[in-house]
Structure formats: C-alpha cells, structure tokens
Amino acid sequence: MRKNLLVFILLCSAYSVFAQGPETVIPKPASVQLTDGIYTYGDDPEVKVTYAKDKLAPEAYELSVTRRGVRIKVSSPSGEFYARQTLDQMTCGGRHKQIPCCEINDAPRFPYRGLHVDVSRHFRSVDFLKKQIDAMAMFKMNRMHLHLTDAAGWRMQIDAYPRLTSFAAWRPQPTWKEWWAGKRLYADEGEEGAFGGYYTKEQMRELVEYARERHIEVIPEIEMPSHSEEVLAAYPELGCSSQAYKDSDFCVGNEAVFEFLETVLTEVMDVFPSKYIHIGGDEAGKQHWKTCPKCQQRMKDEGLAGVDELQSYMIRRIERFVNSKGRHIIGWDEILQGGLAPEATVMSWRGTEGGIKAMEQGHDVIMTPGRYCYLDHAQDAPFQEPESIGGYLPLDSVYVYEPVEASMPEDKVHHLLGVQANLWSEYIVTDSHAEYMYWPRAIALAETGWSMPQNKDIKDFRNRVLPMLVRLREMGYSTFDLENEYGERKLAQTGLDHKARGKKVTYNKPIQDWYQANWEKTFTDGVIGGWTYSDNRWQGFLSDIDVTIDLESVQQINYVGGTFMQLIGPGVFMPSKVDILVSEDGADYQLIATLWNDVPTTAEQLLFKDFHTICNVKARYVRYHAYRSTMRGFLFLDEIVVN
Ligand SMILES: [Zn+2]
C-alpha cells in the first residue's frame, strides 16, 4: 500500500506539469475549454455554487476555474454533486493544489447509468456495497441494481415470510460451484456449516440512504416467475408440485403465489423508495405449467394460448400491483414473450434485439447486452485470470459498445434510458475478486453512459484510466492490473497467411445454426479465433467437422493443421481424433495422418490444441475430418492452415 501511495503521489505530481486538468476527467465531459492561467489554492479550493433552475438539466453542470477560484452553476443537487466529482478528479482528491483555468459544460448522455451486483450466488457485505457506491459516484453512475434473490440464496429480510432468511439464505457449501455441483440444498440459519447471509431491513435502509447521498438509486430485484428454487424450498406450496426441491418456477395458477409476491413486494417497496422495482422474468423453464392443473385452469379462465402468455399474465398482474404503489417494473428481455406488460421497462441482455423490439412498441429500455456488458467474462487471457464463467471481455471491448444502433427508429431512441454493467457472481467468491472484475471495466461503461460518442476515444480513455486505477488501488480497491494486460491471442490480432488462405472449402457435413462465424469462408479466411468461441471467428459444430479444401493446383504440402479449444463448463471439447487426407484429382484420397486427442476431458481450464501434421506430399485437395468427442458437446475450429 505504501508503495502504491508513493506511485500515486508521483503520478499526481507528474500530472501537475502537463496533464492534471480537465482533460484527465472520467467520464469525458461534454465540452472543455482551457483558458489562460492556473488556479493555486491552499487547503481546499474556493468553490462558489449558483443554482440556476431554468437553464440546466438536473444532472448537468457548468464549472469554471479562474485564477481566483472555482464557480459552479447547476440546477439541482445532483448537478452540484457531479461538478464536485469533476473537481475532485482534477485535484486528485484535493492533493493537488493547482488547477489549470478552464470552462467545462457537462451533462450526461443517458439518464440511467447502472451497475449490477449479484448478492445471491455469493453474499456480499454492506461495506462492500457502500465501497462500490463510492466508486460509482466518482464516475457519475447513478443506479445500483441489487440482484437480491436467486436459487443460490434469498438475501433480504421479509417479515411475513421468515423462512426466506432463516432457511433459503443458507446452504451447506461456501461456494456456488460446490453447491451447484452438489445436491443444491439449503440449510437452517445458525446450523453448523451453514454458509450465506441476508440483509436486515435496517441495513438496506442504511444502504439506500448512503447511496441517495451520492445521488445513486438502489433498485432491488425480486426474481419471478423463475430462478426461485430457494423460495420453493422454503415454501413448497408455491410451486406447481407443492414439493420442496422440485420446482424453479412459481405456480401461476395458485392465488397464494400472488399473495406471496405482493406481500414481499410491499415490504421491499417499503424499504426501497426507488422509482423502479426489478421483477426478473428471465430464463423461466415453464415446464411444470404445461401439466399443472392449477396453471392449466388459469390459462383456460384467462383465455391464454400458451405458457408464454401465462408468464405474461403474471408479469402484467404484478405490474398492475407495482404501478398501484406508484412504482414501475423493470424486467429482463424475456418479459417480451407472450406480450409485454403495458408500462414495463425492458433490460435487454440477450443481445439488443429484445430492447429494440420493446422500443419499437414504445417501451423504455436499458441496454445490458452480454457481449459488452457482462463483466463475469474474463477480462484478460484466461490462462492468467481467475476462473470465470468463460468468455473474454477486455476493457476495450466494453468501451467500444455504442448503445444507439442504426436499426433503432429515430423517433423511439428517447426510450433508450441508458446502460448497465452486470456482474453475475457464480464464480466470484470474494469481495475483492468482485471488485477486480468491476474496475476498470465498469468505468468504461460509465463513460459510455455519460459521454457523447464523438468525445470517446479508446486510447485517450486508457491514458486517463491508468492513473485512475492507481488512485483506486490507493483507496483500497482491488483493481485489474491494466498495465500488465496480456491481451488477445497474438495470432488473433495479426491474422495468418498460408497456402489455403482464400481457397474454397466444401463442407462434407453442413455448417450448423449456432456458431457460423464467417460461414464457408471461416476456415480459410486467415482470421484466427480469440480467447472465446463467441467472437464470431470460431465455427461451432455439434457433429464431426469434415471439410475439403481446394488449393486450385497441385502443390507441395509440408504442413496441415487446425486449432481446437476445450472449455468443459459450456461443453466444448477436443475432437477424439482428426484424419487428414490429400488428393491430386479430388477422387482418390490418401490418408496422411490420424491425430489422436491426448487432452483429458476433465481439464477445467480453457485449453487450445493444434491437431497438425508435418508432411511431404504433393496434392490439390486437402480433407480435414475432426471426429466429435465421445463426451459429445461442441467442436470449435477457427482455421485450417496449409503450408
Ligand atoms: Zn402450476
């Protein structure tokens, strides 16, 4: 820590000469003009604040630094708060006693700039939440979305249903991974070896107030109709089977379910004054609804055509209840299925299509597409990162996300409220690991939420964020070490030239629907896959891969090879073997190599393996046949290199 402090002071001093001014601020202000001179102050800068109600938007501010002091003009306390955040960054937390004179006019691009915390998979302390709120405030984020309930544990005290916290908040295993791999049982509070926890209402009220003082609204999420195994273990009568450990969805045919949800939501709304209440709505299996007599009766009574409409019935009914209390619901984009509740705001996570569809219907939308906003993916080369859910989402990929898409109808773009960074915590056991995943990637999204796209530049952002990370570490945050980032697979950055590049590939087994990448050009386009199979460079097969490349003329061949990846979590395996055959005429093929897999199918880390042969043959056609693993699952291949 002492060393960090020294680095921090040195950085602040270094910046005193050239850069410690408005151009270092994150998120990038809308407009900055340097004027002549430097303002030098003693203990604290002299700040004069004027409230001009009619001129500025609520979160906007004007900040002017002259030789005599700092003047701030705002229309609301949040504007003043953000102006002071900017000033805090320019003075490096008040340590730096000189500020270049400047005029800053600033306002957010979007009203909603969120950070999501999953406290169900692993319980987080109130101190952790407050600490993240402090960092959010520095970067002008204004919504904390608390994922309070899920199968792995219920996390908020509800007086009417005490078993939610005396039982459903505890489990016999400390980590989600062990719990998930086991029988997924719950435990009694206080029982020996019970892990978990929950927040009292007092603690949540304290958190809400702490956040409010920093102009952040805490939005609670209560999951329905699915992700509710913990509720249905504590109160089995609320599931279709009425048996513990059988259901994950509430029984929509049962009136007691609505009584439960309305009672819970009433207590939740009593603690959280937020405009929005998140009601989940994602990933419902709906299986038991198809055979449950109560659900079937409900569908008959209400004239519902299927289980999607049954879910929609539930969400609409809950929305009416929440609206009756003067609040609004947010739901994950699955709430579009079966028809959207009339006032609902949609959080689009499975890509952006759901969000766009909701906007077209006149609904407000928050964009959280997994590809850019899911911080549970690894942020650097997986071999040097802690275990994660998979994927690869470095800082740059978060930063380049542009929420407004060309396909959005212009007259509906105002429905796009903003963006949110999500951190699902299945693999994130400790508070410090969670912090490491948030910072700096959440800062990148904060800038996307606040700054205009024409003011954004990735190189400039990296220059600004590096000293900011030093400061965050000095403040006690565990951040990712951006200075020592390894980055993308080297070949994925450069591409690869070889004899088969650009040559025609014939598929002896067809390309499948899931991961088509660059279609029939994928294996010879010279584009090498990155750390994740979802980067549109890897082609995925739930069968053998069997292709023939036509080199257009008979050539000397000394090398044929392709790289596969293995990631057993999502069921990606090496081929059991690869046969390589060559032919001069395309009729008679000669088997030149059979390459057997030697990677254990139990290896937990992300692995890559070349299945290649060194040879000395003349041929025009090369057939590459990879056999699907006996473990079944996916095969992923990015390129077949011939030289
Ligand atoms: Zn039912």
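Note that the numbering used here has the sequence shown beginning at 238, numbered continuously upward. By construction, the Cβ of each residue, glycine as well, lies at the ideal position given by its N, Cα and C atoms.
Following a CB-centred definition, is Val489 positioned closer than 8 Å to any heavy atom of ligand 1?
Result yes, Cβ under 8 Å from ligand 1.
List in chain order: all unbroken beta strand (DSSP E) runs of 3+ residues lying wholly within the segment 375-457.
380-384
Does the beta-carbon of Gln322 have 16 or more other beta-carbons within 10 angstroms, so that it is buried, or is it exposed?
Gln322 is buried by the Cβ-count criterion.
Report the residue from Glu520, Leu779, Lys367 and Val878 whose alpha carbon sits nearest the alpha carbon of Glu450.
Lys367
What is the residue span of the beta strand (DSSP E) that Gly306 lies within?
Where Gly306 is concerned, the enclosing beta strand (DSSP E) stretches over Gly306 to Val311.
Counting only the same chain and skipping the five closest in sequence on each side, list residues whose C-beta sits under 6 Å from that of Glu546.
Gly575
Within a Cβ cutoff of 6 Å, which residues of the same chain sit near Tyr673, ignoring the five residues on either side of it in sequence?
Ser715 and Phe717
Comparing alpha-carbon positions, which option in Glu684, Met705, Gly476 and Lys594 lies nearest Val650?
Lys594
Using beta carbons (cut-off 9 Å, strictly below), is Met381 in contact with chain C?
The structure shown has no chain C; it contains just one protein chain.
Kindly provide the ranges of any beta strand (DSSP E) runs that are 3 or more residues long and lie completely inside the segment 580-664, ordered along the chain.
582-585, 602-604 and 653-658
Nearest to Gln598 by CA position, among Trp687, Pro606 and Met645, is which residue?
Met645
Determine the DSSP secondary structure at Tyr319, reduced to helix, strand or coil.
helix
If we count Cβ pairs, one from each stretch, closer than 8 Å, do we get three or more for the segment 629-647 versus the segment 425-438?
no
Which one of Trp768, Asp291, Val284 and Asp371 has the shortest CA to CA distance from Gln621?
Trp768
Of the residues Val797, Asn755 and Ile748, which one's Cα is nearest the Cα of His735?
Val797
Any idea what DSSP makes of Glu496, helix, strand or coil?
helix
Taking 8 Å as the cut-off, does the CB of Lys531 come closer than this to any heavy atom belonging to ligand 1?
yes
Could you tell me if Arg869 is buried or exposed, where buried requires 16 or more neighbouring beta carbons within 10 angstroms of its beta carbon?
Looking at its Cβ environment, which holds fewer than 16 other Cβ atoms inside 10 Å, Arg869 is exposed.
Identify every residue that forms a DSSP beta bridge with Asp343.
The secondary-structure analysis by DSSP pairs Asp343 across a beta bridge with Tyr298.
Mind checking who Gly351 pairs with in its DSSP beta bridge?
Arg380 and Gln657
Just reading off the alpha helix (DSSP H) that Phe558 is part of, what are its end residues?
For Phe558, the enclosing alpha helix (DSSP H) covers residues Val544 to Ser561.
Just how far apart, CA to CA, sit Tyr349 and Pro314?
17 Å
Closest to Pro264 by C-alpha separation, out of Lys414, Val878 and Thr685, would be which residue?
Thr685
Taking the alpha carbon of Arg615 as the point to measure from, which residue in Glu722, Asp538 and Ala581 has its own alpha carbon closest?
A small correction: the amino acid at residue 615 is Ala; Arg does not occupy that position in the sequence shown. Among Glu722, Asp538 and Ala581, the Cα nearest to that of Ala615 is on Glu722.
Using C-beta distances below 6 Å, list every residue in its chain close to Pro457, excluding the 5 sequence neighbours before and after it, in chain order.
Counting only Cβ-Cβ distances below 6 Å, and skipping sequence neighbours, we find Leu383, Leu385, Val505 and Phe509.
Less than 7 Å between C-beta atoms, sequence neighbours within five positions excluded: which residues of the same chain meet that for Lys240?
With a pLDDT of only 49 at Lys240, under 50, the local geometry of the prediction cannot be trusted, and the value read off the model is given with reservation. Result list for Lys240: empty, nothing under 7 Å.
Report the CB separation of Arg922 from Tyr423 in whole angstroms; it is logged as a contact under 8 Å.
In the structure as shown, the chain starts at 238 and stops at 880, and residue 922 therefore has no counterpart that could be examined.
Taking Tyr513 as the reference, which of Thr528, Val602 and Lys483 has the closest Cα?
Val602
Rounded to whole angstroms, what's the CA-CA distance from Met238 to Leu719? Just pull it up for me.
Since pLDDT at Met238 reaches only 41, below the 50 mark, its modelled position is unreliable, and the value read off the structure follows with that caveat. When rounded, the distance between both Cα atoms is 18 Å.
Here's a check: name, in chain order, each residue in its chain whose Cβ is nearer than 7 Å to the Cβ of Trp569, leaving out the five neighbours to either side.
Gly517, Gly518, Asp519, Met584 and Trp586
On a Cα-Cα basis, can you pick out the residue from Glu571, Ile567, Ala289 and Gly490 that is closest to Lys537?
Gly490
Use the C-beta contact count for Val637: other C-beta atoms within 10 angstroms, 16 or more gives buried, fewer gives exposed.
With fewer than 16 other Cβ atoms within 10 Å, it is exposed.
For Phe376, collect the residues of the same chain with a Cβ closer than 7 Å to its Cβ; drop the 5 residues on either side in sequence, then sort them by chain order.
These residues qualify, in order along the chain: Ile263, Pro264, Ile680 and Ala683.
Within the continuous alpha helix (DSSP H) that includes Met868, where are the two ends?
In the DSSP assignment, Met868 falls outside any alpha helix (DSSP H), carrying neither H nor E.
Throw me the rounded Cβ distance for the Pro345 and Trp687 pair, which I believe falls under 8 Å.
5 Å
Give a single yes or no on whether His651 has its beta carbon closer than 8 Å to a heavy atom of ligand 1.
no
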